[in-house]
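Report on the following structure.
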Amino acid sequence: YFIREIPVTENYTAGMYEMQAMALIEKLFAEGHETLVMCGGSMLYIDALCYGLDDFPEVPLQLREHLMECLRDEGPAVLAEQLKELDPVSYGELDLSNGRRIVRALEVCLYTGKPFSSFKTRKFKERGFEIVKIGLDVPREELYARIDARVLRMMDEGLEAEARSLAAYRDLPALQTVGYRELFDYFDGQYDLDEAVRRIQVNTRHYAKRQLSWWRRDPGIQWI
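Each residue of the sequence shown is one higher than the one before, starting from 101 at the first, in this note's numbering.
Below, the structure written as structure tokens:
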């Protein structure tokens, strides 16, 4: 689950994950391991490992910070409209409620003068090992009940205190995630704690639904 590996202040990308994960896999195979088991659910990171990612240009930190400030002040809809003008293809493909993804596409458009989508080759990288994907399936009602219970457990284990300790860094990409965003809004007085918890549960369920929709499109997954 990649916990306690990277400081929240460090910019970390799926491309960096791909390089580090592949290096570790090669090391383990060289040590004599014949089978490796990986567990996870983050769509982009798993695709990065299995298929590789396209090479996108690095953009100046100042540009990213400016766009993140615009995202915070104006919301994702304004940036999405700008992206629509510069890159209609990405506009049609992205989850427009995910401000961080909009910023990522828009910063490349603005910095390079080219559409973000133009850097996507959609060519898979060759891997020197066989990949077997197994998906664990549970009834939707059970999945949602587990999510709700997990959120309550996270609150009991100190999620609120953790979010308070990170509030000064709230605009960093690592904190644009479900669980932190809702608590930051609670700290700002937008709603009470019970509503923050409810929103974390709802948004986590929505994220799980998007994950399932993504993976259902992968014919290589064996569901059990």
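We treat Cβ as the ideally placed atom computed from N, Cα and C, and that holds for glycine. Predicted model, so just to flag it, every value in this text is computed and none were measured.
Please state whether DSSP places G199 in a helix, a strand or coil. Within the sequence shown, residue 199 is the residue found at index 99, counting from 1. G199 falls in the helix class under three-state DSSP.
Contact set for K220: own chain, Cβ-Cβ below 6 Å, skip 5 residues either direction: Against the sequence shown, residue 220 aligns to sequence position 120. Same-chain partners within the cutoff: D154.
Ignore the nearest five residues each way along the sequence and tell me which others in F287's own chain have a CB closer than 8 Å to its CB. The count along the sequence shown starts at 1 and reaches residue 287 at position 187. Within the same chain, and ignoring the five residues on either side of F287 in sequence, the residues whose Cβ sits closer than 8 Å to its Cβ are A263, R264, A267.
One question on the structure: do F224 and G152 come within less than 9 Å of each other, judged by their Cβ atoms? For this step, residue 224 is matched to residue 124 along the sequence shown. For this step, residue 152 is matched to residue 52 along the sequence shown. Contact check for F224 against G152 passes: the beta carbons are separated by less than 9 Å.
Evaluate contact between the segment 207-222 and the segment 272-290, counting only Cβ atoms and requiring at least three cross-stretch pairs below 8 Å. Of all C-beta pairs linking the segment 207-222 to the segment 272-290, fewer than three are shorter than 8 Å, placing the two stretches out of contact.
With DSSP run on the structure shown, which of helix, strand or coil describes K220? Position 120 of the sequence shown, counted from the first residue, corresponds to residue 220. Here DSSP, grouped into helix, strand and coil, assigns K220 to coil.
Name the residue from R250, W314, S313, Y269 whose alpha carbon lies nearest to the alpha carbon of V297. As a working mapping, residue 297 is identified with position 197 in the sequence shown. Among R250, W314, S313, Y269, the Cα nearest to that of V297 belongs to R250.
Name the DSSP bridge partner or partners of K233? Translated into positions along the sequence shown, residue 233 becomes position 133. For K233, which the question treats as bridged, DSSP gives the partners I321.
Compute the distance between the beta-carbons of F216 and D187, then report whether it is under 9 Å. Position 116 of the sequence shown, counting from 1, holds the residue named residue 216. Position 87 of the sequence shown, counting from 1, holds the residue named residue 187. Annotated as proximal: F216 and D187, with beta-carbon spacing under 9 Å.
For the alpha helix (DSSP H) that contains K184, what are its first and last residues? The residue labelled residue 184 in the question sits at position 84 within the sequence shown. Here the alpha helix (DSSP H) through K184 covers 176-186.
In the DSSP assignment, the alpha helix (DSSP H) including D294 goes from what residue to what residue? Position 194 of the sequence shown, counted from the start, is the residue given in the question as residue 294. For D294, the enclosing alpha helix (DSSP H) has its first and last residue at 293-316.
So, at 8 Å on beta carbons, what are the nonlocal neighbours of W314 in its own chain, with the 5 sequence-adjacent residues on each side left out? For the purposes of this step, residue 314 is taken as residue 214 along the sequence shown, with counting starting at 1. Closer than 8 Å at Cβ, skipping near neighbours: M143.
Considering only heavy atoms of the ligand NAP, does any lie closer than 8 Å to the CB of F224? With respect to small molecules bound, the structure shown includes none, and the ligand NAP cannot be examined in it.
Just the C-alpha distance for L275 and S190, rounded to the nearest angstrom, thanks. The residue you call residue 275 lines up with position 175 of the sequence shown. The residue you call residue 190 lines up with position 90 of the sequence shown. Distance between the alpha carbons of L275 and S190 is about 23 Å.
Which residues bound the alpha helix (DSSP H) around E282? One-based indexing of the sequence shown puts residue 282 at position 182. In the DSSP assignment, E282 falls within the unbroken alpha helix (DSSP H) covering 280-287.
Quick check on this structure: which residue in D271, Q301, Q290, D294 has the alpha carbon closest to the alpha carbon of G279? Sequence index remark: in the sequence shown, residue 279 carries index 179 (1-based). It is Q301 whose Cα lies nearest to the Cα of G279.
Spatial neighbours of K233 in its chain, beta-carbon cut-off 6 Å, leaving aside the 5 residues before and after: In the sequence shown, counting from the first residue as 1, residue 233 sits at position 133. G320, I321, listed in sequence order.
CA-to-CA distance, A245 to V203, given in whole angstroms: Against the sequence shown, residue 203 aligns to sequence position 103. Against the sequence shown, residue 245 aligns to sequence position 145. Answer to the nearest angstrom: the Cα atoms are 33 Å apart.
Less than 8 Å between C-beta atoms, sequence neighbours within five positions excluded: which residues of the same chain meet that for Y269? One-based indexing of the sequence shown puts residue 269 at position 169. Excluding sequence neighbours, Y269 sits near V108, T109, L275.
Do the segment 128-145 and the segment 165-179 touch if we need at least three Cβ pairs shorter than 8 Å? Pairwise C-beta distances place the segment 128-145 out of contact with the segment 165-179, as fewer than three of them are shorter than 8 Å.
For A148, does the count of other Cβ atoms within 10 angstroms reach 16, so buried, or fall short, so exposed? Stepping through the sequence shown from its first residue, residue 148 is reached at position 48. Burial state of A148 is buried, judged by a 10 Å Cβ sphere holding 16 or more other Cβ atoms.
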